[in-house]
Amino acid sequence: MTWSAKQYVAFEDERTRPARDLLAAIPTPDARSVVDIGCGPGNSTELLAQRFADAQVQGLDSSPDMIEAARKRLPQLQFDVAEIDQWAEAGPFDVIFANAVLQWLPDHATLLPALVEKLAPGGSLAIQMPDNLNEPSHRLMREVAANGPWAGKLADAAGQRTEMASASAYFSMLRAHCSRVDVWRTTYHHQLAGGAAGVVEWFKGSGLIPFLSPLTEVEREAYLALYLEAVAKAYPALADGSVLLPFPRLFIVATR
37 MTWSAKQYVA
47 FEDERTRPAR
57 DLLAAIPTPD
67 ARSVVDIGCG
77 PGNSTELLAQ
87 RFADAQVQGL
97 DSSPDMIEAA
107 RKRLPQLQFD
117 VAEIDQWAEA
127 GPFDVIFANA
137 VLQWLPDHAT
147 LLPALVEKLA
157 PGGSLAIQMP
167 DNLNEPSHRL
177 MREVAANGPW
187 AGKLADAAGQ
197 RTEMASASAY
207 FSMLRAHCSR
217 VDVWRTTYHH
227 QLAGGAAGVV
237 EWFKGSGLIP
247 FLSPLTEVER
257 EAYLALYLEA
267 VAKAYPALAD
277 GSVLLPFPRL
287 FIVATR
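First residue of the sequence shown: 37, per my numbering; consecutive thereafter.
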């Protein structure tokens, strides 16, 4: 997949709000070592550096474009290109922050306890994941993919996102390794300018990437035209021409 920092930060305020809410729930009062895994362009890392001013704060992401943007934004911090499931640094860390990234990785039952093992005693693993695979926005991505001339190319696109487990399942997989686990679900309602086109622009920076990356430029334009038409029906415009996008997200803070 090809990630674009410029496309992602087009909605930076809306995308950063869940990171703020996640950060506010971390019970670890002081931290010496903090890592932002899947840091993107550094918007969440900036929050961590402000909250834990005396800590060593670093970020990692699999996208070179995202890491380049993060280094420009926060040149005083360390950022590295790395795959989370191959991340070998042992820690210990006082805070591991994973905002809107682990939904792209499989086998959470193995991955999450492995991340907890990198925590210092009293340290926290803080996770936020979009929980929207069954929302119209993502159902329509799959339907357009399956019903067009690109169906063969996009046969595996939907599988790049991990199916979410239940809140109780995440609680159980972490509670055996942690002294405290807090799980909650929040649905944000983002008002986006431009009606359905605003919804499309939002997901071009995230959920649509697996569907657009395999296509030629001509195919992308055709796919997006069909997707826009379907989105306009699912998310009708408000009186001022904007649209309200419901966006459910799952939060987990697990403290060792």
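The beta carbon of each residue, even a glycine, is placed where N, CA and C say it ideally should be.
Quick one: is residue i buried, meaning 16 or more other Cβ sit within 10 Å of its Cβ, or exposed?
i      : result
Tyr224 : exposed
Asn135 : buried
Lys240 : buried
Trp186 : buried
Gly205 : In the sequence as presented, Gly is not what sits at residue 205; that position holds Ala. Counting Cβ neighbours within 10 Å, Ala205 comes out exposed, since fewer than 16 surround it.
Please report the straight-line C-alpha distance between residue i and residue j, rounded to a whole angstrom.
i      : j      : result
Ser173 : Asp49  : 20 Å
Glu171 : Asn183 : 18 Å
Glu82  : Gln139 : 22 Å
Arg68  : Leu155 : 12 Å
Ala203 : Leu141 : 17 Å
Ala201 : Asp121 : 18 Å
Ala266 : Ala181 : 12 Å
Glu253 : Ala194 : 20 Å
Gln164 : Gly188 : 32 Å
Arg216 : Asp116 : 30 Å
Thr291 : Pro63  : 8 Å
Pick from the options: whose alpha carbon is nearest that of residue i?
i      : options                        : result
Ser80  : Ala126, Glu119, Ile132, Ala118 : Ile132
Ser249 : Ala106, Leu148, Cys75, Asp192  : Asp192
Arg53  : Val289, Phe283, Ala290, Arg292 : Phe283
Glu119 : Asp72, Leu286, Leu210          : Asp72
Ala55  : Pro166, Gln122, Pro128         : Pro166
Val219 : Glu104, Ala162, Leu151, Val279 : Ala162
Asp97  : Ala89, Gly158, Glu125, Ala106  : Ala106
Could you pull the start and end residues of the alpha helix (DSSP H) that residue i belongs to?
i      : result
Ile103 : 100-109
Leu84  : 79-87
Leu96  : Looking at the DSSP string, Leu96 is not in any alpha helix (DSSP H); the run it does join, the beta strand (DSSP E), is 92-97.
Ser204 : 203-211
Leu249 : Inspection of the sequence shows that residue 249 is occupied by Ser rather than by Leu. Looking at the DSSP string, Ser249 is not in any alpha helix (DSSP H), and its letter there is neither H nor E.
Met177 : 172-182
Residue range of the beta strand (DSSP E) that residue i falls in?
i      : result
Arg216 : 216-228
Arg285 : 279-291
Leu244 : Looking at the DSSP string, Leu244 is not in any beta strand (DSSP E), and its letter there is neither H nor E.
Compute every distance between the C-beta of residue i and the non-hydrogen atoms of the ligand PLP, then say whether any falls below 7 Å.
i      : result
Tyr263 : This structure simply doesn't include the ligand PLP, nor any ligand for that matter.
Using a Cβ cut-off of 8 Å (strictly closer), state whether residue i contacts chain B.
i      : result
Thr198 : Of the protein chains in the structure, only one exists, and it is not chain B.
Which runs of the beta strand (DSSP E), 3 residues or longer, sit entirely within the segment 125-170?
-> 129-135, 155-166
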